[in-house]
Structures are given as C-alpha cells and as structure tokens.
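J.: Protein chains in written order, with this note's numbering: chain A, 706 to 985; chain B, 382 to 702.
Here a beta-carbon is modelled for each residue, glycine too, at the ideal position from N, C-alpha and C.
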C-alpha cells in the first residue's frame with residue numbers, strides 16, 4: 706500500500722516537473738518582455754541575464770512608448786474599431802438568425818446556404834475588391850475602412866441560429882399574443898435567452914479584430930488611425946529601433962488589455978476563442 | 382467489457398443542439414404571411430451585407446484572376462488562365478507554396494502532439510490544473526504581432542535570451558531569423574508556441590467527454606497501469622477529437638501571415654515566403670491585382686479542400702463521440 710502511494714507521489718512529481726518545464730517555455734516571452742521593459746539600455750546590452758533590473762528604468766521606457774508614438778491612441782483605435790465591428794455584427798446577425806431559426810420565409814434556404822458558403826471563405830479572400838471599393842470611395846485611412854468589411858459575420862448568424870432554434874416556440878407565440886412585433890420579439894424576448902452565445906461570440910470577435918494585422922496593413926498608412934498591432938509595428942520600425950526597453954514597454958502595453966481580460970474571465974474567454982473551432 | 386470501439390457513443394453533448402425545437406408553423410394564412418414578411422425584413426440587412434462584402438467580392442476575385450488588371454490601371458484585358466500559367470513558372474510562388482506546406486507540415490504534428498501530451502498531463506492529476514491551463518493558453522490570448530516582436534528580441538543573435546542561454550552551455554547560437562535554412566523552422570516554432578494552448582483546450586474538452594465508467598470497466602479487465610488505460614480507453618475514445626484538432630490546426634497554420642509580415646517579410650531571399658504573404662505583396666505592394674487575385678484563388682482552393690475534410694470530420698465526431 707505504501708509502495709503504491711510512493712509511486713503515485715513520484716508520478717505526480719514527474720507530472721509537475723514536465724508541465725512546469727513546458728510552462729516556463731510558454732511563459733518565457735511574457736516574463737522576458739516585462740522584465741526587459743523595466744531595464745536600462747546598458748543592462749539590456751550587457752552579457753548575462755537577470756530577471757529583476759538592477760537599475761530600474763521602467764519610467765523612462767514606458768514614457769518613451771507613450772510619447773514617441775500615440776500609444777494611447779492605438780489602444781483607443783482598437784477599442785473604437787472592435788466596438789464598431791461588434792455592434793454591426795450583432796445588429797445584423799441577430800435578426801437574420803432569428804428569421805432563419807423561427808420564421809419560414811421564401812429565400813430562407815438560400816440565405817442559409819450563403820451563410821454556409823461564407824463560413825468556408827477566409828477573410829483574406831475578398832480583400833482585393835474591397836480595397837478597390839474603399840479606394841474609389843475615398844475611404845482608405847478611415848475607421849469605416851476598418852469596420853465595414855467586418856460588419857457582417859456569417860459565423861455569428863450560424864451560431865445564433867443554432868442557439869435560437871432551442872428557444873421554445875410557446876415563448877414567442879405568447880409574446881405575439883401580447884401584441885409584440887417580430888422586431889421587439891427578437892430584441893426583448895429572444896436575445897435575453899441567448900446571452901451565453903452572444904457573450905462567447907463577442908469575445909471571439911473582439912480578440913480576432915484586436916489582433917488582426919492583414920486588413921489594417923492594407924487600408925491604413927496614417928499612423929494616427931493604427932490599430933494596436935499596426936501601432937507596435939510603427940513603433941518598432943520608426944521610433945524604437947534598438948531601444949529594446951522602450952519597445953518591450955510598448956508590446957507590454959499592447960498585449961496587456963486582452964491578457965488582463967483573459968485572466969479575469971478565463972472560462973468565458975476560452976469558450977469564446979475555441980468557438981472558432983467551427984470557423985478557424 | 383472494455384471494448385474500446387468509439388461507436389459506444391457516450392457523450393451526447395454535441396447532439397443536444399441537434400434536437401432543436403420543431404419549426405414554428407403558426408396556423409392561419411394571415412399569420413403565416415406576416416411571418417414571411419417579417420422574416421424577409423429581418424434577414425435583409427445581413428443578406429445584403431453578405432452579398433456586398435463576402436460573396437460578391439469573392440466572385441469578383443475569381444473574375445479578376447482572369448485579367449491582367451493592376452490597381453490604378455484605366456483598362457484591363459481578359460487573359461484567360463495566363464495568370465495561373467505565370468504562377469506555374471514563378472519561382473517565388475513555388476517557393477511560397479512549398480514553404481507554406483512545410484510550415485503546416487511542421488506546426489501541425491508538433492503542436493497537436495505537444496497539446497495532447499499537455500492535456501493528458503493536466504488531466505492526469507489534481508495539483509495545478511488551473512494554473513497550467515492558464516499558462517499554456519496565455520499565448521493564444523495575446524496579440525501575436527506584439528509577441529512576435531518579443532520573439533524577435535529573444536532570438537536576437539547577440540542580445541537575445543535564447544542564444545545567451547545557449548552560450549551558457551557552450552553553444553554558439555545561430556542567427557535564427559536570417560539563416561536561410563533555419564528561418565522557416567523558427568517561424569514554425571512561434572506558430573507551435575501560439576497554437577499549443579488552443580489545441581490543448583480542444584483535447585481537454587475531448588478528455589472530459591470520456592465517461593468514467595469506461596475506465597472502471599478497463600480496470601476490471603486488468604488495465605491498471607496508466608499506459609494501459611490510455612491505450613484501451615483514452616486513445617480510441619479521443620480519435621475523433623484528434624482528427625478534428627489535426628484538421629483545424631492545418632487550416633489555421635495554412636493562413637500564416639502575421640509572423641512573416643512582422644519578422645521576415647518573406648526573407649532572406651524568399652526563404653520564408655508563404656502563400657498569404659506573397660498574395661499580400663503582389664496585390665498591395667506591387668499592385669498587381671490580377672495576379673494577386675489568382676494567388677487568392679489558389680489560397681482559397683487549399684482552404685476549401687481542408688474545410689471539406691473538416692466538415693467530414695465534424696460529421697464523424699457528431700456520430701461517434
């Protein structure tokens with residue numbers, strides 16, 4: 706009995722050792738990023754490595770990241786673009802999903818077929834015609850150019866339709882008897898029952914759009930409108946050069962918002978991101 | 382008793398959504414007409430946007446790929462399949478296609494295997510489950526462009542942490558991002574680092590769906606050691622999940638773009654050129670819209686093939702697991 710117990714303790718120790726070693730590798734970039742953002746240039750360029758700075762230089766590094774480029778503006782741009790996209794995605798997907806799930810209407814099959822086809826098309830594919838359209842409309846270098854291409858999410862329509870199908874018909878018919886219009890039924894009866902799906906999708910959408918580089922790289926040349934990923938590229942290429950302390954301060958600032966949300970709401974966050982198992 | 386055939390079908394979690402409420406059919410022609418009109422009204426905005434932003438432009442890309450058009454050009458000519466013919470003889474395209482396939486070929490098996498190992502280890506004990514799950518998922522939750530910049534610094538030939546560590550054990554670290562033979566594998570490593578957490582979560586979900594009584598039955602049948610339990614219960618039951626994770630990872634890593642755009646721009650000398658980055662460069666740096674459109678179609682074709690495989694895999698998962 707005690708030999709077996711000993712074996713179990715040994716196995717558990719081995720498990721923690723392996724997982725711990727892996728975790729060190731996974732977390733190393735984060736730890737090194739924050740550590741470097743606190744160090745002075747001389748310490749960064751010196752041989753050898755220490756985690757905690759001997760010469761605390763955080764203030765200068767972060768001040769540089771905030772003043773050399775409009776870092777707060779990048780974050781604000783990220784918030785504006787992600788909120789705008791999410792707003793349009795929800796406002797268009799929810800009614801459409803309800804119509805597909807609960808109302809038999811002519812063309813519903815075609816619309817749902819479009820959704821299924823759309824699920825297979827990566828967002829990079831329509832880029833050339835969309836760029837052309839925005840260029841002709843004179844909308845390059847605007848928030849609209851960042852928001853409109855993502856204004857509809859076939860994934861949201863697909864997901865919400867699945868969810869709405871399980872809303873009891875009695876609930877909807879009762880609301881009809883009470884004289885509610887279909888429009889009010891969608892927003893006042895159906896949506897409140899679908900919060901888990903809407904929350905999960907919102908996290909998925911915000912993470913995807915906060916991190917996207919492909920499309921902002923195409924339609925933006927104006928630094929002032931840069932989203933966080935594009936902003937960090939501007940900072941690296943133009944300002945920071947080999948001032949790694951300031952550069953790491955910048956990457957810390959850009960990475961922090963999503964990481965903090967993740968740490969605070971892990972379960973929901975993981976749910977939201979792995980939703981994309983369907984979409985990629 | 383310990384029949385490991387996956388057809389046991391024990392976790393109906395996925396099937397719940399299949400048993401959705403029956404379609405709403407209110408009686409009376411008037412109500413039905415009202416429903417139909419409301420349906421059309423509610424579906425129109427999304428449908429119009431889908432046509433304008435997704436379906437229409439995708440068809441337009443197909444058309445453009447048959448022309449010699451460039452951004453800003455006043456006219457264009459219909460050149461049939463010339464763009465595709467050019468592609469066949471274009472060494473940059475060939476390089477980028479091969480590189481993309483090599484990248485997928487490295488990232489997919491390694492990240493799937495490591496993620497499975499991590500998931501099994503996390504599930505296999507009590508201590509530190511939440512901590513380890515968080516640690517391994519953190520790269521997924523962070524901004525890749527920012528973290529790629531951090532990797533660039535960590536992989537710096539002189540100042541970087543990685544080579545500094547190698548020096549400690551007496552090795553001269555290479556120049557990870559400018560060595561032609563190495564750069565693609567360095568990018569693949571970053572892709573693996575970024576993907577493990579995602580795959581781990583999918584595996585953890587798959588592991589949790591395996592009913593405990595199967596392990597008890599295996600124990601009765603003499604499978605006491607962890608390895609025996611893994612081989613008789615876990616691995617067969619996890620088969621569909623594994624297949625699903627493999628395909629998902631292939632689709633995700635086929636879209637590699639960010640790390641290339643941030644770290645190498647396809648260099649040195651096209652050694653890290655990948656399909657999506659070539660498409661970006663031809664279309665939006667050289668403004669060759671027609672050729673870029675043809676590259677987009679090739680990219681789409683690969684994604685479609687992978688997606689069709691994925692759909693078959695999902696079907697099987699619904700049936701079995």
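What separation, rounded to the nearest whole angstrom, lies between the Cα atoms of residue 713(A) and residue 723(A)?
T.: Going from the Cα of residue 713(A) to the Cα of residue 723(A) covers about 15 Å.
J.: For residue 421(B), I'd like the list of residues in its chain whose CB is within less than 6 Å of its CB, leaving aside the five on either flank, ordered along the chain.
T.: Nothing listed; no residue qualifies.
J.: First and last residue of the alpha helix (DSSP H) that includes residue 465(B)?
T.: Per DSSP, residue 465(B) belongs to the alpha helix (DSSP H) from 463 to 469.
J.: What separation, rounded to the nearest whole angstrom, lies between the Cα atoms of residue 648(B) and residue 797(A)?
T.: Roughly 42 Å separates the two Cα atoms.
J.: Checking 8 Å against the spacing of the C-beta atoms, do residue 953(A) and residue 520(B) come in under that value?
T.: Result no, Cβ atoms of residue 953(A) and residue 520(B) do not sit closer than 8 Å.
J.: Report yes if the CB atom of residue 526(B) is closer than 8 Å to the CB atom of residue 645(B), and no otherwise.
T.: No, Cβ-Cβ distance for residue 526(B) and residue 645(B) is not below 8 Å.
J.: Am I right that residue 505(B) and residue 870(A) are in contact with their C-beta atoms under 8 Å? What's the rounded C-beta distance?
T.: Between residue 870(A) and residue 505(B) the Cβ distance is about 38 Å, and since that is not below 8 Å, they are no contact.
J.: Can you look up residue 645(B) in the DSSP assignment and give me helix, strand or coil?
T.: The answer is coil: DSSP assigns residue 645(B) none of H, G, I, E or B.
J.: Give the straight-line distance between the Cα atoms of residue 531(B) and residue 934(A), rounded to the nearest whole angstrom.
T.: Residue 531(B) and residue 934(A): Cα-Cα distance of roughly 13 Å.
J.: Between residue 791(A) and the rest of its own chain, which residues show a CB-CB distance below 7 Å, the 5 nearest in sequence each way excluded?
T.: Excluding residues within five positions, the ones whose Cβ falls inside 7 Å are 907, 910, 911.
J.: Rounded to whole angstroms, what is the Cα-Cα separation between residue 969(A) and residue 672(B)?
T.: One C-alpha to the other measures close to 46 Å.
J.: Who are the near neighbours of residue 898(A) in its chain, counting only those whose CB is closer than 7 Å to its CB and skipping five residues on each side?
T.: Result list for residue 898(A): 872, in chain order.
J.: Roughly how far, in whole angstroms, is the beta-carbon of residue 651(B) from the beta-carbon of residue 473(B), given that I think they are within contact range, below 8 Å?
T.: Indeed, because the Cβ distance is near 6 Å, the residues count as touching under 8 Å.
J.: DSSP three-state call for residue 659(B): helix, strand or coil?
T.: Here residue 659(B) sits in helix by DSSP.
J.: Under 8 Å between the Cβ atoms of residue 841(A) and residue 930(A)?
T.: Going by C-beta atoms, residue 841(A) is not nearer than 8 Å to residue 930(A).
J.: Report yes if the C-beta distance between residue 430(B) and residue 882(A) is below 8 Å; otherwise report no.
T.: In this structure, residue 882(A) does not lie closer than 8 Å to residue 430(B) by Cβ.
J.: In or out: residue 941(A) buried (at least 16 other Cβ within 10 Å) or exposed?
T.: When all chains shown are included, residue 941(A) counts as buried.
J.: For residue 561(B) and residue 831(A), I'd like the C-alpha separation in whole angstroms.
T.: Answer to the nearest angstrom: the Cα atoms are 32 Å apart.
J.: Mark residue 707(A) as exposed unless 16 or more other C-beta atoms lie within 10 angstroms of its C-beta, in which case mark it buried.
T.: Exposed is the call here.
J.: With DSSP run on the structure shown, which of helix, strand or coil describes residue 448(B)?
T.: Residue state, collapsed to three classes: strand.
J.: My assumption, with CB atoms under 8 Å, is that residue 557(B) sits in contact with residue 536(B). Please give the rounded CB distance.
T.: The Cβ separation is near 4 Å, so the contact holds.
J.: For residue 402(B), I'd like the list of residues in its chain whose CB is within less than 7 Å of its CB, leaving aside the five on either flank, ordered along the chain.
T.: At residue 402(B), the pLDDT of 40 sits below 50, so the modelled position is not reliable; the number obtained from the coordinates is stated separately. Closer than 7 Å at the Cβ level, and outside the excluded window around residue 402(B), lies no residue.
J.: Less than 8 Å separating the beta-carbons of residue 962(A) and residue 780(A)?
T.: For residue 962(A) and residue 780(A), yes; Cβs fall inside 8 Å.
J.: Spell out a yes or no on whether the segment 754 to 769 of chain A and the segment 815 to 833 of chain A are touching, meaning 3 or more CB-CB pairs, one atom from each, closer than 8 Å.
T.: At 8 Å Cβ cutoff, the stretches do not touch.
J.: Compute the distance between the beta-carbons of residue 804(A) and residue 423(B), then report whether it is under 8 Å.
T.: Yes. Within cutoff.
J.: Closer than 8 Å is the cut-off here; do at least three beta carbon pairs connect the segment 484 to 494 of chain B with the segment 632 to 646 of chain B?
T.: As far as the Cβ criterion goes, the segment 484 to 494 of chain B touches the segment 632 to 646 of chain B, which means the pair count is three or higher.
J.: Taking the continuous alpha helix (DSSP H) assigned at residue 455(B), which residues delimit it?
T.: It is not in any alpha helix (DSSP H) - residue 455(B) carries neither H nor E in the DSSP assignment.
J.: Report yes or no: is there a C-beta of chain A within less than 8 Å of the C-beta of residue 492(B)?
T.: Not one chain A Cβ lies under 8 Å of residue 492(B).
J.: Measure from the C-beta of residue 590(B) to each C-beta in chain A and report whether the shortest distance is under 8 Å.
T.: Not an interface residue.
J.: Is the beta carbon of residue 754(A) sitting closer than 8 Å to the one on residue 542(B)?
T.: Going by C-beta atoms, residue 754(A) is nearer than 8 Å to residue 542(B).
J.: In its own chain, which residues sit with a C-beta less than 7 Å from the C-beta of residue 895(A), not counting the 5 before and 5 after it?
T.: The residues are 803, 869, 872.
J.: Alpha carbon to alpha carbon, how far is residue 607(B) from residue 591(B)?
T.: About 15 Å.
J.: Let me check understanding here. Comparing Cα to Cα, which of 762(A), 729(A), 876(A) lies closest to residue 741(A)?
T.: Residue 741(A) has its Cα closest to that of 762(A), out of 762(A), 729(A), 876(A).
J.: How about residue 837(A) and residue 863(A): do their beta carbons lie closer than 8 Å?
T.: No, Cβ-Cβ distance for residue 837(A) and residue 863(A) is not below 8 Å.
J.: Specify the secondary structure class of residue 744(A) as computed by DSSP and reduced to three states.
T.: Residue 744(A) falls in the coil class under three-state DSSP.
J.: Taking the alpha helix (DSSP H) that residue 953(A) falls in, what are its first and last residues?
T.: Unbroken alpha helix (DSSP H) run through residue 953(A): 949 to 969.
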